[in-house]
Structure formats: C-alpha cells, structure tokens
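Taking it in order: structure first as structure tokens, then the write-up.
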Amino acid sequence: MECPRACRSFRWGRNGMVHWRRVTWGGSVMESHGVPASATITPRPRHDLAMISPRTIQLRRPPVIVRLEGRFVPSAVALAEVDARWAALCAENPRYFDGALLQVMGVSRNGHGGVQIHVQECSYRFYAVQKSGPLGPGLDCGVRPLGVKAIATDGVRVLVGRRSQKVAYYPGAWEFVPGGTVEPGATPADEVVRELREEAKLEAIGPAVAIALLHDPQAFTWEIVHRLTVDARAMPEIGWEYDEFRMVAIDERSMAALTPLAPVALQMMPIARRVLG
0 MECPRACRSF RWGRNGMVHW RRVTWGGSVM ESHGVPASAT ITPRPRHDLA
50 MISPRTIQLR RPPVIVRLEG RFVPSAVALA EVDARWAALC AENPRYFDGA
100 LLQVMGVSRN GHGGVQIHVQ ECSYRFYAVQ KSGPLGPGLD CGVRPLGVKA
150 IATDGVRVLV GRRSQKVAYY PGAWEFVPGG TVEPGATPAD EVVRELREEA
200 KLEAIGPAVA IALLHDPQAF TWEIVHRLTV DARAMPEIGW EYDEFRMVAI
250 DERSMAALTP LAPVALQMMP IARRVLG
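For what it's worth, numbering that gives the first Met the number 0 labels the leading residue of the sequence shown as 0, then goes sequentially.
Shown next, in the form of structure tokens:
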C-alpha cells in the first residue's frame with residue numbers, strides 16, 4: 000500500500016544550489032521547489048554544501064538504492080581538462096584506476112526510518128580530479144559517490160586505523176575501519192563486509208546492519224554507515240591503505256590518543272557511542 004506521507008528529495012540544481020522536491024512514499028511528485036516536477040537535474044561544479052553538510056540521518060532499516068539508467072557525465076566542465084588532470088594524477092600515483100562508481104543523484108527520507116538513494120553509474124576519473132593535485136585546486140565535477148563505512152566492534156571496542164600516505168583522502172589520519180565506495184552491481188551491506196576483508200583481513204560475524212547515512216563534504220561522498228561484529232581475538236593485518244590498526248574504547252582518553260582524527264570520524268563518533276550503548 001502506498002504511504003501518503005511525503006518527504007523531501009534533495010537534488011543538485013543548475014545554479015549550484017540544492018533544490019528539493021516533495022514526493023510521496025511511492026515516488027510521485029507532489030510539489031517542487033526551484034525546478035519543474037518533470038525536470039532531470041544535472042549536477043553543476045558549484046554547490047552550496049552549507050545546506051546539507053555535515054549531515055547525518057539515523058536509519059532503522061536498510062536504505063533503498065534506486066539505480067538510474069545511463070551513465071553520468073558532467074556537463075559543466077571541459078572533458079579535455081578532466082583528461083589532463085586525470086593523466087597527472089595517474090603519473091603521480093599509479094594506483095589510480097578509472098573504474099565505475101555510483102554517483103548519488105538524490106537522497107530522500109521515506110518517513111519510516113529509512114531513505115531512498117537514487118544513483119547513476121559514473122567514471123571514477125570525474126571523482127578523482129575534484130581533489131587538489133599536481134595541476135592545482137580540484138575541479139568540481141559535481142560527483143558525489145555512494146560509499147560505505149562501518150563501526151566494527153567486538154562488543155566493547157571498535158576498530159580504527161591510521162590512513163597511509165598513499166590514499167587520496169585523509170592521509171595520516173585515524174578513522175573507523177572499514178570504508179570504501181560501492182561498486183555497480185554490489186549491495187552496500189556486501190560491499191562493507193568485503194572492505195573489512197580487504198583492508199584488515201578480518202571476517203565479519205553475521206550480516207552488516209545499516210544504521211546511518213551521512214554526507215562527508217571533505218571527501219565529496221555520501222556514506223552508508225553499518226554496524227559490524229568482529230571476533231575480539233582476531234588480529235587485523237596491515238595493507239597498503241593503513242599503517243596501523245587499533246581496537247579502542249570510545250572514551251575521552253582513547254580518542255585523545257588518535258591524532259589526528261579524520262573529520263568524518265568525528266561525524267561518526269556519536270554513531271559509535273550508540274553502537275556500544
């Protein structure tokens with residue numbers, strides 16, 4: 000049965016502002032602000048991020064991922080400039096690979112402790128060039144990928160890691176482990192379990208449970224945060240993404256020892272406290 004309750008669906012507007020449309024549970028448009036109800040909105044290189052960041056939505060059930068047809072290509076940037084910046088990034092770091100990611104086109108609450116996330120496939124290069132690099136300040140292509148993070152806990156402590164200098168965002172900073180982008184064709188819950196295995200060589204006990212959605216303005220991402228359970232006796236193994244791992248309690252003394260702490264980890268701190276009760 001269609002729920003009559005309506006919610007706001009946020010999308011990037013052509014003037015760089017975040018516009019919204021009021022939609023029903025079934026997805027039909029009731030009213031809109033800034034755009035015609037039938038409009039297809041293309042992300043632009045300027046965004047008023049103050050309207051949405053930092054932002055965290057608590058979840059009581061898994062988010063619904065709505066995959067749009069086609070492939071997202073930014074229309075407000077010169078593709079030749081994107082190619083030049085991408086070539087410079089690859090020369091600086093050979094680990095770069097132009098794979099596919101999911102660009103977030105809209106996020107809407109459904110009024111029942113969940114969200115709908117509309118995504119479209121996009122090339123990684125359009126995301127990578129948004130970060131400052133060899134050619135100067137980043138080129139904002141309007142790409143905001145869908146990512147996953149987790150509070151991995153043994154019931155008393157949580158898993159954190161210090162990012163290596165080889166990563167694009169937050170090098171040298173501490174954050175909650177694991178994390179990564181969602182690949183087309185994968186589910187967020189499966190993806191975060193895979194990231195735990197790849198980044199720390201740990202296996203989750205039981206399924207991943209989605210507990211929050213947050214926007215990370217510094218990394219240009221939307222992140223579905225999960226709760227994961229890990230074996231207290233298991234030891235994480237160091238890979239190329241992290242220089243050090245620790246299992247720590249969420250208290251003032253333990254957190255003070257994690258310096259510097261990534262801004263997104265600060266956003267996730269209240270979530271971690273709720274997980275540990």
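Every residue gets a Cβ at the ideal spot worked out from N, C-alpha and C, and that includes glycine.
Please report the residue range of the beta strand (DSSP E) in which residue i lies.
| i | result |
| --- | --- |
| M234 | Counting along the chain, M234 falls outside any beta strand (DSSP E), and DSSP gives it neither H nor E. |
| V106 | 99 to 108 |
| A209 | 208 to 215 |
| R245 | 241 to 247 |
| E68 | 63 to 71 |
Measure from the alpha carbon of residue i to the alpha carbon of each residue in the options, then state which is nearest.
| i | options | result |
| --- | --- | --- |
| P136 | R143, P144, A127 | A127 |
| L88 | S163, S131, G238, P183 | S131 |
| A261 | A207, G178, L212 | G178 |
| L212 | P144, E240, F71 | P144 |
| H214 | Y95, G146, R193, L78 | G146 |
| E120 | L195, N109, R226, Q102 | Q102 |
Leaving aside the five residues before and after residue i along the sequence, list all residues of the same chain whose C-beta is less than 8 angstroms from its C-beta, in chain order.
| i | result |
| --- | --- |
| L138 | P44, V76, E80, V81, R84, V128, Q129 |
| D230 | D153, L201, E202, I204 |
| P62 | G113, V114, Q115, I116, P187, A209, L212, I223 |
In the DSSP assignment, find the alpha helix (DSSP H) that holds residue i and state where it starts and stops.
| i | result |
| --- | --- |
| R124 | 123 to 127 |
Out of curiosity, what's the CA-to-CA distance linking residue i and residue j?
| i | j | result |
| --- | --- | --- |
| P93 | V166 | 12 angstroms |
| R156 | S74 | 46 angstroms |
| E174 | S163 | 11 angstroms |
| E222 | S107 | 14 angstroms |
| G69 | G276 | 43 angstroms |
| G171 | G238 | 14 angstroms |
| M234 | A199 | 8 angstroms |
| A256 | F244 | 13 angstroms |
| A271 | I249 | 7 angstroms |
| A149 | R226 | 6 angstroms |
| G160 | L78 | 36 angstroms |
CB-CB under 7 angstroms to residue i, same chain, minus the five flanking residues each way: which ones, in chain order?
| i | result |
| --- | --- |
| S122 | D97, A99 |
| H117 | V65, L67, M104, G105 |
| F337 | This structure cannot settle anything about residue 337, because the visible part of the chain is limited to 0 through 276. |
Starting from the C-beta of residue i, find all residues in its chain whose C-beta is less than 6 angstroms away, skip the five residues before and the five after it, and write them out in chain order.
| i | result |
| --- | --- |
| M267 | F175 |
| Which runs of the alpha helix (DSSP H) fall wholly inside the segment 133 to 200 and span at least 4 residues, in chain order? | 187 to 199
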